[in-house]
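Take a look at the structure below.
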């Protein structure tokens, strides 16, 4: 039987949790639920012992496990390979110290196999629970986007998005067949694979579905990757920003206005985080890199350039107080919301 969900787990620090702790949710699932899963483990560290323990754990329960050992510091190419080889109808990436609630996962697996989710649905969003969530980082609840839960919606039927809520692999599952259509391969050694593959299938997504389950528990600042401040990864951010900006011509390729608006919002999040992280260094070299990014974007597509940069200037123009203190705060805020394990 074809798996329902390809669950891909990534490990950066094998000492943070044991294999038993990482896979413990499997013991709470029924045999039919486990048979609906395809498990993959990507290890971005020297984790031979962890991989062996994971294999033994799954073997004892007659669960197959595919494993990858990252060849570089980042896992971009391994995430790409896991998508290419995924057999499940849906794809989920579970990062760092995050864990799944078995009861909610069982309900989600059942929902995915019902007629509620038609072939036109490309993204299924779910609830992410976090510990020690500060008021400052409160995200926009999904209830403010979806008119009601457990219903599929066209882009035009969804309520207005804000930059505090995007669908990424950290808070949604994606239809595997649409991910396989993605026109780009991740570069070797990138840490931002999930944000690339959360954008690439968007033109093929006709409907989005909200499964109102408290499925995922995210540990802030965990040892396995947690909410790392990615604003320090300027080179990777710059490379990814250029990749995503260049892959589609939004004004020409995306006819649905609401869908196009969402993709502009996503691009703005990526490009603004890149630009702000460079400007936070307060060096002439990095100021020059930002200007070169603007110039390149303008040459590639003037209409997209105007749309993305106007959104970014709106963010910057509404800063008050000490310019650089606020700039740093805004840059890290964007990073935590869009380029971290927080949804």
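Residue numbers (the numbering used here): 161 to 503.
Ideal Cβ placement from N, Cα and C applies to all residues, glycine included.
All values reported here derive from a predicted model rather than from experimental measurement.
**Study point:** Beta-carbon contacts of residue 217 that lie in its chain and below 7 Å, excluding the five residues immediately before and after
**Key:** 179, 180 and 183
Review point. Among 242, 454, 361 and 205, which residue has its Cα nearest to the Cα of residue 165?
Key: 242
Exercise for review: Could you round the C-beta distance between residue 454 and residue 469 to whole angstroms and report it? I think they count as a contact, below 8 Å.
Suggested key: 7 Å
Exercise for review: Please name the residue, chosen from 371, 373, 313 and 409, that lies closest to residue 360 on a Cα-to-Cα basis.
Suggested key: 409
Point to revise | Three-way DSSP call (helix, strand, coil) for residue 185 in this model | key: helix
Check your understanding: Based on the DSSP secondary-structure assignment, which residues constitute the bridge partners of residue 166?
Key -> 198 and 251
Check your understanding: Are there three or more Cβ pairs, one per stretch, closer than 8 Å when the segment 435 to 444 is compared with the segment 327 to 339?
Key -> no
Review point. Among residues of its own chain, excluding the 5 on either side of residue 205, which ones have a beta-carbon nearer than 7 Å to its beta-carbon?
Key: 171, 172, 173 and 174
**Study point:** Close Cβ partners of residue 464 (< 6 Å) along its chain, the five nearest in sequence each way excluded
**Key:** 410
**Study point:** residue 330 - DSSP class collapsed to helix/strand/coil
**Key:** coil
Check your understanding: If you run the structure through DSSP and keep just helix, strand and coil, what is residue 176?
Key -> coil
Review point. Should residue 340 be listed as close to the ligand ATP, given that the test is whether its C-beta is under 7 Å from any heavy atom?
Key: The ligand ATP is absent from the structure shown, which contains no ligands of any kind.
Exercise for review: Specify, as a first and last residue, the run of the alpha helix (DSSP H) that residue 436 falls within.
Suggested key: 417 to 439
Exercise for review: Tell me, please, whether the segment 348 to 357 touches the segment 410 to 423 by the rule of three or more beta-carbon pairs shorter than 8 Å.
Suggested key: no
Check your understanding: Is the beta carbon of residue 343 sitting closer than 8 Å to the one on residue 431?
Key -> no
**Study point:** Range of the contiguous alpha helix (DSSP H) that encloses residue 450
**Key:** 444 to 460
Exercise for review: Going by CA-CA distance only, name the one from 425, 404, 305 and 252 that's closest to residue 460.
Suggested key: 404
Exercise for review: Report the residue from 223, 314 and 200 whose alpha carbon sits nearest the alpha carbon of residue 363.
Suggested key: 314
Exercise for review: Specify, as a first and last residue, the run of the beta strand (DSSP E) that residue 225 falls within.
Suggested key: 225 to 229
Review point. Is it right to say residue 270 is buried, meaning 16 or more other beta carbons lie within 10 angstroms of its own, or is it exposed?
Key: exposed
Check your understanding: Taking all protein chains shown into account, do 16 or more other C-beta atoms lie within 10 angstroms of the C-beta of residue 393, making it buried, or fewer, making it exposed?
Key -> buried
Check your understanding: According to the Cβ coordinates, are residue 197 and residue 214 closer than 8 Å?
Key -> no
**Study point:** Reduced DSSP secondary structure (H/G/I, E/B, other) of residue 467
**Key:** helix
Exercise for review: Let me know the secondary structure DSSP gives residue 171 once reduced to three states.
Suggested key: strand
Point to revise | Span of the alpha helix (DSSP H), counted from its first residue to its last, around residue 212 | key: 208 to 220
Check your understanding: Are the beta-carbon atoms belonging to residue 331 and residue 288 less than 8 Å from one another?
Key -> yes
Practice item. Can you say whether residue 167 is buried or exposed, counting buried as having 16 or more other CB atoms within 10 angstroms of its CB? Key: buried
**Study point:** Check whether residue 163 and residue 248 have beta carbons under 8 Å apart
**Key:** yes
Point to revise | Identity of the residue in 210, 235 and 341 nearest residue 244 by Cα | key: 341
Point to revise | Exposed unless 16 or more other CB atoms sit within 10 angstroms - verdict on residue 190 | key: exposed
Check your understanding: If you follow the beta strand (DSSP E) that residue 243 is part of, which residue opens it and which one closes it?
Key -> Segment 236 to 245 is the alpha helix (DSSP H) holding residue 243; no beta strand (DSSP E) there.
Review point. Is DSSP giving residue 351 helix, strand or coil here?
Key: coil
Check your understanding: With which residues is residue 290 paired in a DSSP beta bridge?
Key -> 378
Point to revise | Distance CB(residue 211)-CB(residue 230) smaller than 8 Å | key: no
**Study point:** Of the residues 415, 441, 467 and 185, the one placed nearest residue 260, counting alpha carbons only
**Key:** 185
Exercise for review: Whole angstroms is fine: what's the gap from residue 176's alpha carbon to residue 258's?
Suggested key: 12 Å
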